[in-house]
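S.K.: Here the numbering used here is used: the first residue of the sequence shown is 5, the next is one more, and so on.
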Amino acid sequence: MSPQEHVGVVQALYEAFGRGDVAAIQERLADDVDWAVEAESTTAPWFGPRSGKDGAASFFAELGQNIEVSDFRPHSFATGENDVHCLVDWTFRSRSTDREATMTMHHYWRFRDGKIAYFRGSEDTEQTAKLFG
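(1) Alpha carbon to alpha carbon, how far is R54 from W113? Give it in angstroms, no decimals.
(2) Whose C-beta lies closer than 6 Å to the C-beta of Y18 among residues of the same chain, with five residues either side of it excluded?
(3) Provide the residue(s) that pair with G52 in DSSP beta bridges, ordered along the chain.
(4) A121: which of V92, D93, S74, D87 sits nearest, CA to CA?
(5) Taking the alpha carbon of L135 as the point to measure from, which residue in A48, A20, D25, Q8 has its own alpha carbon closest?
(6) Tell me the rounded alpha-carbon separation between T83 and G125.
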């Protein structure tokens, strides 16, 4: 796949996320995908590492159970031979506290044999912690 095709796959994943279509996301993942939102905190249930397609699915389940996303806008895609970096502006509300946050996340995607083999996300963990604390 070309770098631009990788960007297209990532954009399709974001569209699937917007529809709540986790199965469509899983189709694009390597069986042994290494998936994580890196954070020292464990305040948010989706923080931390996961492995495999089921691990990635648990990430999306935890997001859906704990927050409601009102805005999600990926932008500023940068590519290498086998990777994509993207900024994502988003706004979400905690279902448990009804507090809201707006921030920019950084997403890094690495491809292997046309599938996503590695994902790392980072966000303002302090701001997220305030939503749940």
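Don't be surprised by glycine CBs; every beta carbon is placed ideally from N, CA and C. All figures in this text were calculated on a predicted structure; none of them were measured in a lab.
M.R.: Here's the rundown:
(1) If you number the sequence shown from 1, residue 113 lands on position 109. If you number the sequence shown from 1, residue 54 lands on position 50. If you take the alpha carbons of W113 and R54, they lie about 15 Å apart.
(2) The count along the sequence shown starts at 1 and reaches residue 18 at position 14. Contacts found: P78.
(3) In the sequence shown, the residue the question calls residue 52 occupies position 48. Beta-bridge pairing links G52 to V41.
(4) Mapped onto the sequence shown, residue 121 falls at position 117. Ranking V92, D93, S74, D87 by Cα distance to A121 puts D87 first.
(5) Along the sequence shown, read from residue 1 onward, the residue named residue 135 stands at position 131. Here the closest residue by C-alpha is A48.
(6) Position 79 of the sequence shown, counted from the first residue, corresponds to residue 83. Position 121 of the sequence shown, counted from the first residue, corresponds to residue 125. Rounded to whole angstroms, T83 to G125 spans 16 Å at the Cα level.
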